Amino acid sequence: MRIRVQAEAFDMGAELDGFGTGGDVGAVVSFTGRVRGTSGLTAMEIEHYPGMTEAAIAKYADEARDRWHLADVLVIHRFGTLAPGDPIMMVATAARHRTAAFEAAEFLMDWLKSRAPFWKKEIGPDGADWVAQKDEDEAALDRW
Amino acid sequence: MRIRVQAEAFDMGAELDGFGTGGDVGAVVSFTGRVRGTSGLTAMEIEHYPGMTEAAIAKYADEARDRWHLADVLVIHRFGTLAPGDPIMMVATAARHRTAAFEAAEFLMDWLKSRAPFWKKEIGPDGADWVAQKDEDEAALDRW
Amino acid sequence: MLDIYYFAWVRERIGEPRERVETGAATVAELVEELIAREERYALAFADLSALRVALDQELAQFDSPLAGVREVAFFPPMTGG
Amino acid sequence: MLDIYYFAWVRERIGEPRERVETGAATVAELVEELIAREERYALAFADLSALRVALDQELAQFDSPLAGVREVAFFPPMTGG
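Just so you know, the protein sequences line up as chains A, B, C and D, in that order.
Counted the way our numbering counts, the first sequence spans residues 4 to 147.
Counted the way our numbering counts, the second sequence spans residues 4 to 147.
Counted the way our numbering counts, the third sequence spans residues 48 to 129.
Counted the way our numbering counts, the fourth sequence spans residues 48 to 129.
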């Protein structure tokens with residue numbers, strides 16, 4: 004299990020190198036989120052709650068590992084100032100079968116989105132705005 | 004769009020390098036299937052139907068791209084003799100939002116699993132067996 | 048003339064991956080009947096059509112699909128890719 | 048003594064990321080009332096509690112959660128990670 008909360012950029016491909024190569028792994032799923040360069044966005048600032056962030060991520064990663072019998076799980080999430088195109092975060096899951104790997108990755112994404120203490124601020128030509136939580140993101144938690 | 008049917012191994016991390024780095028991409032999902040080294044499996048042989056394979060994959064990739072407005076899509080599938088731990092195939096999808104990227108990747112996996120002309124044979128200590136299609140794999144197509 | 052391809056255990060039962068046949072069969076089902084009448088190994092391979100799939104010119108088809116204009120037929124078990 | 052942390056626009060409205068307070072409040076809601084009574088900026092930050100979340104000792108909690116034994120309280124808007 005690899006969990007990192009960091010300001011530095013990361014390389015999705017390099018992080019997946021050798022991930023989930025255990026003997027009983029038949030399926031590896033990864034998700035990577037990037038800053039979209041739409042609507043003239045010039046930067047994204049991500050604030051987080053040090054300590055609580057790591058604990059919350061570890062809790063959801065543990066839960067995913069137990070529930071879907073994951074052979075491995077990886078979560079990386081950045082904070083600080085990011086530029087359009089930059090990777091924001093990634094998760095990866097390794098399981099015997101594809102359904103488990105997909106479900107565990109979506110579960111992690113849904114919980115990280117609405118329950119890990121990160122807050123995004125979008126900086127554009129007309130100023131800065133905190134990103135509001137979407138109703139659909141909160142609703143997505145119901146399926147788990 | 005990158006589609007490859009090949010005997011050679013591939014590196015999931017290297018294939019994802021630079022994938023989906025377009026301006027409007029907020030989400031990249033990848034799936035990689037590996038040969039599981041369970042039940043004493045010593046090798047897996049994958050047979051395919053040259054020509055039809057590429058056409059079928061291109062058809063499903065096109066459909067996924069149109070339906071989920073993908074910015075990019077990647078499918079690699081191997082044939083020939085593979086060893087436990089070897090990567091068998093991978094798909095990757097790049098979209099604006101995570102739901103589209105996840106759904107498109109699962110759609111591609113479900114169709115590749117049951118409609119792309121590949122056949123797997125497992126070689127173990129007691130001989131060789133063609134892998135039978137699972138009812139759940141056929142049923143998985145109904146959700147699309 | 049029709050090219051017939053066999054894959055996976057169908058290929059193994061027939062004993063070859065491909066053959067060229069002269070046929071007057073109007074549908075896939077008629078072609079299968081002709082083949083079964085030929086030799087035991089065909090009867091064995093085509094014993095349970097529900098366990099088989101067919102493609103015409105590299106597109107999935109049905110056993111009652113017509114063969115008119117078709118150049119390539121393929122028989123195989125359900126696919127197990129991914 | 049209680050450490051209070053503020054994040055995102057709550058932090059911006061309060062004007063500082065952290066402060067240490069002496070309080071007799073039994074619950075989060077009572078603490079919020081004390082803060083609101085203090086200064087306009089707190090009233091502004093806590094105007095709509097339904098738009099806020101609270102964590103006690105780094106675990107999500109409710110506004111009616113008791114403060115007994117708690118060392119660290121945090122107020123913030125709904126999270127928007129991922």
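Note that the Cβ used here is the ideal one computed from N, Cα and C, for glycine as well.
These figures come from a predicted structure and were not determined experimentally.
Cα-Cα separation, residue i to residue j
i	j	result
C/T74	B/M112	32 Å
B/G26	A/D69	37 Å
A/T84	B/T35	31 Å
A/E48	B/I6	36 Å
A/E66	C/V57	45 Å
A/E18	B/G127	32 Å
A/Q136	B/W114	34 Å
C/I51	B/A10	24 Å
A/M32	A/T24	In the sequence under discussion, the amino acid at residue 32 of chain A is Val, which differs from the Met named in the question. Looking at the two C-alpha atoms, the distance is approximately 13 Å.
B/I60	B/A95	13 Å
B/T41	A/R99	10 Å
D/R88	A/G43	32 Å
C/L103	B/K123	22 Å
B/F82	A/W71	29 Å
D/V101	B/M93	42 Å
Reference residue i; option with closest CA among the options
i	options	result
A/D89	A/R101, A/G29 and A/A12	A/A12
C/D95	C/Q105, C/F110 and C/G71	C/F110
A/A30	B/A108, B/P120 and B/D145	B/A108
A/E125	D/M48, D/A55 and D/Q105	D/A55
B/H51	C/F123, C/E63 and C/I51	C/F123
A/R101	B/R101, B/F110, B/R99 and B/A97	B/F110
B/T56	B/G16, B/A104, B/P120 and B/G130	B/P120
C/E81	C/A72, C/R60 and C/V120	C/A72
B/L144	B/G40, B/E106 and B/T45	B/E106
D/V68	D/A121, D/M126 and D/A108	D/A121
Residue i at chain B interface by Cβ criterion, 8 Å
i	result
A/P87	yes
C/Y53	no
C/A102	yes
A/V134	no
C/Q105	yes
Minimum Cβ-Cβ distance from residue i to chain A less than 8 Å
i	result
D/G62	no
B/L111	no
B/V84	It is worth fixing the name first, because residue 84 of chain B is Thr in this sequence and not Val. Not one chain A Cβ lies under 8 Å of B/T84.
B/S2	With chain B running from 4 to 147 in the structure shown, residue 2 of chain B is simply not present.
CB contact check: residue i to chain D, cutoff 8 Å
i	result
A/M92	yes
A/M47	no
Sheet register partners of residue i (DSSP bridge)
i	result
D/Y53	D/F122
D/E86	According to DSSP, D/E86 bridges with nothing at all.
A/S33	A/A95 and B/S33
A/F121	A/H51
Residues of its chain near residue i, where Cβ-Cβ distance is below 7 Å and the 5 sequence neighbours each way are ignored
i	result
A/R37	G88, D89, P90 and I91
Sequence-distant residues of the same chain with beta carbon closer than 6 Å to residue i, five excluded per side
i	result
B/D75	G23 and A97
A/V8	T56, E57 and H80
Closer than 8 Å to chain C by CB, residue i
i	result
B/L115	yes
B/E50	yes
Sequence-distant residues of the same chain with beta carbon closer than 8 Å to residue i, five excluded per side
i	result
B/V28	A74, D75, A97, A98 and R99
A/A64	M4, I6, V76, V78 and L111
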